[in-house]
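A quick write-up on the structure given underneath.
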Amino acid sequence: MGKRRPGRELVRSLSKKHKRHLKDFGEEHPFYDKVSERPEATPVCELSENSDKSSAESDSETEVEQISVYHKLLATLKSSPESESEEDVSDSEEAGESETEMGSEGSQETGEADGSEEAKNDVQEHKEATDTPEQMLGQEQADGADASCEQSHEVIEEFTDVKHESEFSLETNFMEEEDGECSADRRDSNSSQAFSNDPFKQHMDREFNEKEVEKMSTLPKTSNQSKWPRLGQLSFSSTLEKHKILKAEREIDMKQLYLHKPLESTWPKVNKQFMSSMNKQCDLSFTPLQKELFCIMNAYWDLFYPERNALTNGEEIRLAYCLHALNHVLKANAQVLSNNAKRRDQKPGTDNDDCRDQGLTRPKVLMIVPFRDCALRIVHIFISLLEGNGKKKIDVSNKKRFKGEFGSDPEERPPNLKRPEDYEAVFTGNIDDHFRIGVAILQKSMRLYAPFYSSDIIIASPLGMRTVIGAEGEKKRDFDFLSSIEILIIDQADIYLMQNWEHVLHLMKHMNLLPLDSHGVDFSRVRMLNLNNWSRYYRQTLLFSALQDPQINSIFNKHCFNYVGQVAVRNVPLSGSISQIVVQLPHVFRRLEAESVTSVIDTRFQFFVDKVLPEYRDAIMSHTLIYVPSYFDYVRLRNYFKKEDLNFTHICEYTKKAAVCRARRFFLKGEKQFLLFTERFHFYKRYMIKGIRNLIFYELPTYSHFYSEICNMMKATDNGVDATWTCTVLYSKYDAQKLAAVVGVERAAQMLQSKKNVHLFVTGEN
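Here you go:
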């Protein structure tokens, strides 16, 4: 916590002086008394400028006692910076006293103002619902407050905010008439047609009985196929006996989307950057890709889109799911604010069960992204969607702190780095992968760094979530805030394969569990679906990836229980990445037979040791690079090479820079015959490895374009002889998706049907 600024007084927490006041006078600071609107409810004693001592010594005993109390109270409020520092020193010597955290913005004037004005200002600041806490936290960061100084309270402060909980609580706010949102919400509640057509209300208000829920958890899913103009081949699956199959809309009417009022006008302006190159005859609001994606999102189907590309459509997709998430949150909050007014106006004692509009905890949307730069872009999109380009501006708290922690300094990036375009698109901005941030959205304000239990949206990385959720047996762990998540968005899921996929699996296991604590929830407002622990059947999951992978498919198939159903894009690659190889190179695909998925790891190792490696032990087969996608396989091969005393060097993602340079030099000069090379190192570094004459793909690459990149490194070999270049690939029937991405679906089907080794020769024009 930063130093206290001169002239700044405590607004919302008990300081040492206030605790001492409570100890000396037996009563709490009058600031915390319930003050009515009438000024006479808070008695204040008028004092002269030089009243440093009690002026009531000659009065009666009762009068002396009353005046001395408020005299001392006002003296503490009027104390100068010097006296404050002296009191802090003396108070620090008291046993059992600890200073509570406080904000520095929104405090009162210095000692020149009289005590009555300060008391009135305190009451006025206490009544404000949004501005003061945001300014306090913003100024706290501007003053150089370091949040990491109190490590012992870091986890607790991340989820609770006793000082500001009521300020940002939805239950204490009401819909504002001037926004026009109240009339829109009243229209929805009074119009049965609007009620039946709004996708949000259709999804959240549908009720099931126990037998129907049991069927959804036990019955197999029925699948149907459909082909859309832009997305291509879609697979619809659902456990419901009667479910509708979506059809691609040629044109989208903004009114039919039931967007929340601010978004109808701001979305076309924000999405304008992607519409400039589009034909004017197309829809004026969505690109063809966005139109079909949002059609599925807005109908609350689970979605798996495995064709996200950071170079081409990454930002289009990000805008589409940000629109959907923000639209969902605004509708949910508007419903709560509208019901607040109904409950306030209804007669006491009446039982109104129509106001069940909340979950067991407040967070509704969880967005998983790989890097801080992605979170920065998402927050900027939220601000743009709420503001547009007009005069309307929303109050964003902690914006300066957020920009400093999630932004990037262009000078930090080393100059003259030659990397592929896809690498530059992925690793742009701040690429720190350990973060989490809560976002609370009220009517005209957005609060960044909100405590999780006061947030509507949580943006985090898998590692950031893992450190919060913790493991069983840890003292500081919490996952109750995941109990009522209604929309889960996992963007760039393929990158998590390169980070740590276990974090994603750990997160999915803790989604939509019953909370261990009530966290102050009003159970009369909680939906029955949450009380019945059926939240997972209402959660929508949006999964975006750059490739199809069995581990990502497993997440979508085993952890998505949305009663509406699931939609997966299942386009097959017609041409593989082998067509992008520019060097003339013979490829030998050697098939290994494995009985199961679990046994394929050991089978591959034995196949490599017994049949492949002996062919390369001869000194003639020098300059052999062995590409290993899995780090565990890499460690196993490294230990075997050491045991057999083979002439090799190795490079992995944990190798230091000096060791990498040394290994590359040894391999180029031929001093080391083998080079073990991990896929994750290539993903994060993209170094050019010179001197390759023989390639062995221990397993097919996760990213298909890595196959052509590694093969094209051979052209950088000095004095290389094309006739001596070789490439060997190990594969099994469980590598069907990776094989199709490399050689194409037709050739992959033939290779999987045949049990013989396949020899291909790439001339550079394939």
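Taking the numbering used here as reference, the numbering of the sequence shown is continuous, increasing by one, and the terminal residue is 1141.
Every residue gets a Cβ at the ideal spot worked out from N, C-alpha and C, and that includes glycine.
| Item | Value |
| --- | --- |
| MET995, buried or exposed, once every other Cβ within 10 Å from all chains shown has been counted against 16 | Met is not the amino acid found at residue 995; the sequence shown has Ile there. Its Cβ having fewer than 16 others within 10 Å, ILE995 is exposed. |
| Where the alpha helix (DSSP H) through LYS602 begins and ends | Unbroken run through LYS602 is the beta strand (DSSP E), 597–603; no alpha helix (DSSP H). |
| For ARG966: DSSP bridge partner residues | TYR1106 |
| MET1063 classed as buried or exposed, judged by whether at least 16 other C-beta atoms fall within 10 angstroms | exposed |
| ARG581 beta carbon less than 9 Å from that of TYR938 | yes |
| Whole alpha helix (DSSP H) elements within the region 709–775, 4-residue minimum | 747–762 |
| Distance, MET821 Cα to THR1024 Cα | 53 Å |
| Given ASN1014 as reference, the closest of ARG1037, PHE980, HIS998, ALA1034 once Cα atoms are compared | PHE980 |
| C-alpha gap between PHE649 and GLY779, whole angstroms | 28 Å |
| Simplified DSSP assignment, three categories, for GLU421 | Any reading at GLU421 must be qualified, since the residue scores a pLDDT of 44, below 50, and its modelled position is unreliable; the value itself is stated next. The answer is coil: DSSP assigns GLU421 none of H, G, I, E or B. |
| Spatially closest choice to LYS793 from GLY1119, GLU861, LYS1060, TYR913, by CA coordinates | LYS1060 |
| Neighbour-count burial assignment, PHE575, 16 or more Cβ in a 10 Å radius | buried |
| Per DSSP, cross-strand counterpart(s) of MET821 | VAL771, ILE816 |
| Whole-angstrom distance between ASP732 and ASN905, CA atom to CA atom | 10 Å |
| Residues bridged to GLY607 [DSSP beta-bridge criterion] | TRP603 |
| Whether SER859 touches LYS739 by CB criterion (9 Å) | yes |
| With 16 other Cβ atoms within 10 Å as the buried cut-off, status of LEU705 | buried |
| Given 8 Å, three or more beta-carbon pairs between the region 752–763 and the region 926–945 | no |
| Which residues DSSP lists as bridging LEU1051, in chain order | ILE1001, HIS1025 |
| Environment of PRO890 [buried if 16+ CB atoms lie within 10 Å] | buried |
| Per-residue burial, GLN941 [other beta carbons within 10 Å of its own, 16 or more giving buried] | buried |
| Span separating the alpha-carbon of LYS1018 from that of LYS1131 | 32 Å |
| For TYR680, the residue or residues it bridges with in DSSP | PHE919 |
| Host beta strand (DSSP E) of LEU906 (start-end) | No beta strand (DSSP E) holds LEU906; the alpha helix (DSSP H) holding it covers 903–906. |
| Which residues DSSP lists as bridging PRO612, in chain order | At residue 612 the sequence reads Ser, which differs from the Pro that was named. Answer is SER598, GLN941. |
| When PHE810, GLY848, LYS850, ILE862 are compared against MET840, the one with the closest alpha-carbon | PHE810 |
| Option in LYS819, TYR798, ASP729 with minimal Cα separation from SER368 | Outside the modelled stretch of the chain, which goes from 376 to 1141, sits residue 368, for which no answer is possible. |
| Range of the contiguous beta strand (DSSP E) that encloses ASN1069 | 1069–1072 |
| Residue span of the beta strand (DSSP E) that contains LEU863, given as start and end | 862–865 |
| Beta-carbon proximity list for ALA695, same chain, < 6 Å, skipping 5 on both sides | GLN665, LEU668, PHE669 |
| contact_flag[the region 868–885, the region 832–846] where n(CB pairs < 8 Å) is 3 or more | yes |
| Top-ranked residue by Cα proximity to LEU741, from ILE1001, GLU1074, THR916 | THR916 |
| Three-state secondary structure assigned by DSSP to VAL645 | helix |
| Spatial neighbours of GLY845 in its chain, beta-carbon cut-off 6 Å, leaving aside the 5 residues before and after | ARG852 |
| The region 970–986 in contact with the region 1115–1129 per 3-pair CB rule at 8 Å | no |
| Extent of the continuous beta strand (DSSP E) run through ALA835 | 832–835 |
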